[in-house]
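Keeping their order, the protein sequence lines are chains V and P.
According to UniProt numbering, the first sequence holds residues 1 to 472 in order.
According to UniProt numbering, the second sequence holds residues 1 to 472 in order.
Note that beta-carbon positions come from the ideal geometry of N, C-alpha and C, so glycine has one too.
Predicted model, so just to flag it, every value in this text is computed and none were measured.
I have placed the structure first, in the form of structure tokens, so that the comments after it can refer back to it.
Protein chains: 2
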Amino acid sequence: MSIEEYADVTVVGAGLAGLVAARDVRRAGLSVIVVEARDRVGGRTWNRPMPGGWTIEAGGQYIGPTQDRLAALAEDVGVETFPTHHEGRTTWRGARVPETFELARPVLDELDRLAAQIPGEAPWRAERAGEWDAETLHTWLSRRVTEPTTMALLRLVFSAVLAAEAEELSLLHVLTYIRSAGSTSMLTDVAGGAQERRFSGGSHLLAIRLAERLSSPPGADGAGADGGGAVGGGGVRLDSPVRRIRHGRDGAVVEAAGRSITSRRVIVAVPVALGDRIGYEPGLPGRRQLHQRMATGVTIKIHCRYEEPFWRAAGRSGSALSPEEWVSAVFDDSPPDRGHGVLMGFVVADRARALARLPAGDRRSAVLGSLARYFGRQAMRPTHYAETDWSTEDWTHGCYGSNLPPGAWTRYGPALRESVGAIHWAGAETSAVWMNYMEGAVRSGERAAAEVVAAVAGVPGGAPGRPGGTTE
Amino acid sequence: MSIEEYADVTVVGAGLAGLVAARDVRRAGLSVIVVEARDRVGGRTWNRPMPGGWTIEAGGQYIGPTQDRLAALAEDVGVETFPTHHEGRTTWRGARVPETFELARPVLDELDRLAAQIPGEAPWRAERAGEWDAETLHTWLSRRVTEPTTMALLRLVFSAVLAAEAEELSLLHVLTYIRSAGSTSMLTDVAGGAQERRFSGGSHLLAIRLAERLSSPPGADGAGADGGGAVGGGGVRLDSPVRRIRHGRDGAVVEAAGRSITSRRVIVAVPVALGDRIGYEPGLPGRRQLHQRMATGVTIKIHCRYEEPFWRAAGRSGSALSPEEWVSAVFDDSPPDRGHGVLMGFVVADRARALARLPAGDRRSAVLGSLARYFGRQAMRPTHYAETDWSTEDWTHGCYGSNLPPGAWTRYGPALRESVGAIHWAGAETSAVWMNYMEGAVRSGERAAAEVVAAVAGVPGGAPGRPGGTTE
Numbered sequence: 001m002s003i004e005e006y007a008d009v010t011v012v013g014a015g016l017a018g019l020v021a022a023r024d025v026r027r028a029g030l031s032v033i034v035v036e037a038r039d040r041v042g043g044r045t046w047n048r049p050m051p052g053g054w055t056i057e058a059g060g061q062y063i064g065p066t067q068d069r070l071a072a073l074a075e076d077v078g079v080e081t082f083p084t085h086h087e088g089r090t091t092w093r094g095a096r097v098p099e100t101f102e103l104a105r106p107v108l109d110e111l112d113r114l115a116a117q118i119p120g121e122a123p124w125r126a127e128r129a130g131e132w133d134a135e136t137l138h139t140w141l142s143r144r145v146t147e148p149t150t151m152a153l154l155r156l157v158f159s160a161v162l163a164a165e166a167e168e169l170s171l172l173h174v175l176t177y178i179r180s181a182g183s184t185s186m187l188t189d190v191a192g193g194a195q196e197r198r199f200s201g202g203s204h205l206l207a208i209r210l211a212e213r214l215s216s217p218p219g220a221d222g223a224g225a226d227g228g229g230a231v232g233g234g235g236v237r238l239d240s241p242v243r244r245i246r247h248g249r250d251g252a253v254v255e256a257a258g259r260s261i262t263s264r265r266v267i268v269a270v271p272v273a274l275g276d277r278i279g280y281e282p283g284l285p286g287r288r289q290l291h292q293r294m295a296t297g298v299t300i301k302i303h304c305r306y307e308e309p310f311w312r313a314a315g316r317s318g319s320a321l322s323p324e325e326w327v328s329a330v331f332d333d334s335p336p337d338r339g340h341g342v343l344m345g346f347v348v349a350d351r352a353r354a355l356a357r358l359p360a361g362d363r364r365s366a367v368l369g370s371l372a373r374y375f376g377r378q379a380m381r382p383t384h385y386a387e388t389d390w391s392t393e394d395w396t397h398g399c400y401g402s403n404l405p406p407g408a409w410t411r412y413g414p415a416l417r418e419s420v421g422a423i424h425w426a427g428a429e430t431s432a433v434w435m436n437y438m439e440g441a442v443r444s445g446e447r448a449a450a451e452v453v454a455a456v457a458g459v460p461g462g463a464p465g466r467p468g469g470t471t472e
Numbered sequence: 001m002s003i004e005e006y007a008d009v010t011v012v013g014a015g016l017a018g019l020v021a022a023r024d025v026r027r028a029g030l031s032v033i034v035v036e037a038r039d040r041v042g043g044r045t046w047n048r049p050m051p052g053g054w055t056i057e058a059g060g061q062y063i064g065p066t067q068d069r070l071a072a073l074a075e076d077v078g079v080e081t082f083p084t085h086h087e088g089r090t091t092w093r094g095a096r097v098p099e100t101f102e103l104a105r106p107v108l109d110e111l112d113r114l115a116a117q118i119p120g121e122a123p124w125r126a127e128r129a130g131e132w133d134a135e136t137l138h139t140w141l142s143r144r145v146t147e148p149t150t151m152a153l154l155r156l157v158f159s160a161v162l163a164a165e166a167e168e169l170s171l172l173h174v175l176t177y178i179r180s181a182g183s184t185s186m187l188t189d190v191a192g193g194a195q196e197r198r199f200s201g202g203s204h205l206l207a208i209r210l211a212e213r214l215s216s217p218p219g220a221d222g223a224g225a226d227g228g229g230a231v232g233g234g235g236v237r238l239d240s241p242v243r244r245i246r247h248g249r250d251g252a253v254v255e256a257a258g259r260s261i262t263s264r265r266v267i268v269a270v271p272v273a274l275g276d277r278i279g280y281e282p283g284l285p286g287r288r289q290l291h292q293r294m295a296t297g298v299t300i301k302i303h304c305r306y307e308e309p310f311w312r313a314a315g316r317s318g319s320a321l322s323p324e325e326w327v328s329a330v331f332d333d334s335p336p337d338r339g340h341g342v343l344m345g346f347v348v349a350d351r352a353r354a355l356a357r358l359p360a361g362d363r364r365s366a367v368l369g370s371l372a373r374y375f376g377r378q379a380m381r382p383t384h385y386a387e388t389d390w391s392t393e394d395w396t397h398g399c400y401g402s403n404l405p406p407g408a409w410t411r412y413g414p415a416l417r418e419s420v421g422a423i424h425w426a427g428a429e430t431s432a433v434w435m436n437y438m439e440g441a442v443r444s445g446e447r448a449a450a451e452v453v454a455a456v457a458g459v460p461g462g463a464p465g466r467p468g469g470t471t472e
């Protein structure tokens, strides 16, 4: 019935975290098989081909300062970066937004100060962790801000960054998030922040090239040809959702659709909430409870293509922000080397939930109305229009990343990274640095691989050990 | 490879909700197949056989006033009830507990008053829903209670009832929960409350008898013989975890391990969080987000059997309560007609998480220490000892029921019950009355069956329609 395979290590999930983990495991001389539920690699990075012959970056796409492991990966696989277009004025909509930012600044500064008190690797050990985890961001903000437009702006900042509303978020989660990135401005800024640069050819190329290498013989690591769509052979088994992992101290059997893989260690590298779709034998009570609490954000990513980046002529950068619009945040997403212009925007949290309930025509009108109010009537007539609603993706559940409500970090925080028997955990959510970002994914893959290599090296028959590859 | 079957209706989950739904669907003249992941029916009701030849009720076990549909089911399948032993003094541990209850009373009364303002069928429509859903129970309590023992007692009440801590709970969730039961005292009381009576032979018999009937030919409904362990043939397919449901307006295909069932309607009757282990095509964004947010409680249920119910001779009822003990709440669980005595206790929420981290011997010592402080040294020497930790059960994830953190009821409340295309939802969590209780499960099954029967009757080829049963 099903194919039986063996590898030293099985990686569940062929997103950035899983593929980086597989790369490092293999570099340590161990054999590895990656299983992936989808028919493609890349997870939440995706060069999505659209009708009309254009491609959008439907998922994570930026790289910023301090995202060093992501930069190293890009260099490793030969993907270049270029700066996000940001020259010109930022466009605001709503009552006195720039002035309101000044009013909001002390609150953001206080959050930065509190965040700095958090031990990055163990937020639950912060001196005031219990207090911060007992309330929502909303109740905390409400004690500090009474002026409605300031509150609206602060809510906008966090909903745009976390894809969740202030009522849904533990204050400790928000502080942990800020801590993991460094500061609120690192999270929000283009120049000097998380949105500073983009990848030539799209961030998806990182995963595609990593997967191609896994298909090459071990040792040919640097020589993987860029085979385009031909990923998924060799080391990556696509269309293989994992149903169950039977595990113990010395090994595990991963049961996926159509195949069963025995290995010494397993790295589960999927969004935390997705980890709940797998059965574990024996059960993992702590981790299971974490899965149940960590919900993905809700984001609809919008792309509009125009004959040219018309906003630039008007002195606008293409960056826009408003607490009053369907599209909360907009960026210039034009290709660096071509004539046409692209505006990319995020509809998040409550606005995304409301937008998703509208029929397609009304959604488009709502989005284009927002863009027109930001940039003028020309924005109403894109040559191409695309929406990516990640909450409809069966193997993602939502984007950008995942968040914890009150009471969870202090109770289940350690379960985020602690291995259980032969099972190790990776994925952007599990990183103490740049949690939920591509940088976090890469770091988590590197960390999980190091754990596995150390564990296997420490036991008889350790690395480099059995002949690698499959026994298909 | 897999067996292909057809029925008018497929029910996912053979707990009380699913089996009641199947009964009602079949009574309406439609054919039905129930698929169940476990090797038994009953879900969170379970006559669990223990080493040493005794059986415990490991899950839900009580019936109280206003639980009318559960009472009707018991009568329907011929299961008797008897009163929970409650004569004698309640045992308190901790500083001035009875006096403290007087201090806590105004807070409980206020919660009852607020709960009464909630429209039971639509908590998200309460006038103050947004406000109540924006904060945790903890922050609300903290504004009202400063005296530490009063706070400890109030926290005990809600952790014992909801199996979660005040920091984890939306105030709106707590109010909705109180509203669904009627009042806080309905939730907490033995006499006149949710713990008033028990089922002769165990609550599990309800599910077992319902399943037996489904194995009989249609029409022989009242005549199902009590076949004991022989459930699971006929209408119930055991060991059949559902992987995927492909669905549309007019029907659905349920793909379970080893079988594929085509039907006009599907009733998913599993705990909400478990619904997330199924793939849906097309995706169900709103429901998926609800799944991710609704976490099961954490409970370890304890049973200690003694030669006799020795506490009764000391004038104690066997009911005990303490904010300071491992075992927060204890009840006399002795069989009505035999000489020996049984104490049943709940270790909940933070205490359960801490207890689960101890080795087995230490857990037992901790639990027996609690019982000894309640009832004296005799409690240290049970003839039989049992723990049931529901969070280790792969097809339950936790008990008693499920709870929502802040921000979820107002955003995803409607998704709890709203059918999507051919998929309908049942399960104790989905009931507006006695949510999370067996009564809620029964009501949800009846409601989902009525929805399905109305939907099928309303279309050409409606009920009673195609020849029922399987095409195995």
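With a threshold of 8 Å between beta carbons, is V/V298 in contact with chain P? By this cut-off, V/V298 is an interface position.
Partners in chain V for P/T392, counting only beta-carbon separations shorter than 8 Å: P282, G283 and P285
Do V/L206 and V/V77 have their CB atoms nearer than 8 Å? yes
Can you tell me where the beta strand (DSSP E) with V/W54 in it begins and where it stops? W54 to E57
Could you tell me which chain V residues have their CB closer than 8 Å to the CB of P/P49, listed as they occur along the chain? Here the premise fails: no neighbours, minimum Cβ distance about 20 Å.
Run through DSSP, which three-state label would P/Y177 get? In this structure, P/Y177 counts as helix in the three-state DSSP scheme.
In chain P, which residues lie with their C-beta within 7 Å of the C-beta of V/I314? As written in the sequence, residue 314 of chain V is Ala, which differs from the Ile given in the question. Under the 7 Å cutoff, chain P gives no residues; its nearest Cβ is about 36 Å from V/A314.
Residues of chain P with a CB under 9 Å from the CB of V/H397: which are they? By Cβ distance, chain P contributes D276, G283, P285, R288, Q289, H291 and Q292.
Rounded to whole angstroms, what's the CA-CA distance from P/M380 to V/A14? Just pull it up for me. 53 Å
Say whether chain P places a C-beta atom closer than 8 Å to the C-beta of V/R243. Answer yes: the Cβ-Cβ gap between V/R243 and chain P drops below 8 Å somewhere.
DSSP has P/I245 in a bridge; who is on the other side? Looking at the DSSP output, P/I245 sits in a beta bridge with P/V254 and P/Y280.
Which class does P/L321 belong to by DSSP, given the choice of helix, strand or coil? strand
Go through its chain and collect everything with a Cβ distance to V/E131's Cβ below 8 Å, but skip five positions before and after it. none
From the DSSP output, read off the bridge partner residues of P/V387. Here residue 387 of chain P turns out to be Glu, not Val, going by the sequence shown. BP columns for P/E387 point to P/I302.
Can you name the start and end residues of the beta strand (DSSP E) that P/Y6 belongs to? I3 to Y6
Run the proximity test for P/Y306: is its beta-carbon closer than 7 Å to any non-hydrogen atom belonging to the ligand FAD? Ligands in the displayed structure: none, and consequently the ligand FAD is not present.
Return helix, strand or coil for V/W92, following the three-state DSSP convention. strand
Partner residues on chain P for V/P217, Cβ-Cβ distance less than 8 Å: Neighbours of V/P217 on chain P: none; closest Cβ ~34 Å, over 8 Å.
Checking 8 Å against the spacing of the C-beta atoms, do V/R293 and V/P405 come in under that value? yes
May I ask you to report which of helix, strand or coil DSSP gives P/D337? coil
Rounded straight-line distance, which links the Cα of V/S216 to that of P/S419: 48 Å
Proximal residues, the stretch 157–170 of chain P versus chain V, C-beta separation under 9 Å: A164, E165, A166, E167, E168, L169 and S170
Of the residues that make up the stretch 9–37 of chain P, which ones have a beta carbon closer than 7 Å to any beta carbon in chain V? For the stretch 9–37 of chain P, no residue has a beta-carbon sitting nearer than 7 Å to a beta-carbon of chain V.
Integer Cβ distance of P/R197 from P/Y62, believed to fall under 8 Å: That belief holds up - the Cβ atoms of P/R197 and P/Y62 are roughly 7 Å apart, short of 8 Å.
Would P/A163 and P/G297 qualify as a contact pair, given that the criterion is a beta-carbon distance under 8 Å? yes
In three-state terms, what does DSSP make of P/P83? Looking at P/P83 - three-state DSSP - the assignment turns out to be strand.
Could you please give me the residues that DSSP links to P/I63 through a beta bridge? The secondary-structure analysis by DSSP pairs P/I63 across a beta bridge with P/R197.
Which residue or residues does DSSP assign as beta-bridge partners of P/I267? P/V11 and P/H424
Name the residue from V/A17, V/R23, V/L108 and V/D39 whose alpha carbon lies nearest to the alpha carbon of V/R237. The shortest C-alpha separation from V/R237 is found at V/D39.
Would V/A448 and V/A422 qualify as a contact pair, given that the criterion is a beta-carbon distance under 8 Å? no
If contacts are defined as beta-carbon pairs under 8 Å, then V/R305 and V/H340 qualify, I think. What distance do you get, rounded to the angstrom? 6 Å
Members of the stretch 339–365 of chain V that neighbour chain P once the beta carbon cut-off is set at 8 Å: D350, R353 and A356
What residues in the stretch 110–138 of chain P have a beta carbon less than 7 Å from any beta carbon of chain V? D133, A134, E135, T136 and H138
Name the one or two DSSP bridge partners that P/L343 has. P/C304 and P/D332
Can you tell me where the beta strand (DSSP E) with residue 485 of chain P in it begins and where it stops? One cannot answer for residue 485 of chain P here, as it falls past the ends of chain P, which runs 1 to 472.
Assigned secondary structure, P/A449 (DSSP; H/G/I helix, E/B strand, else coil): helix
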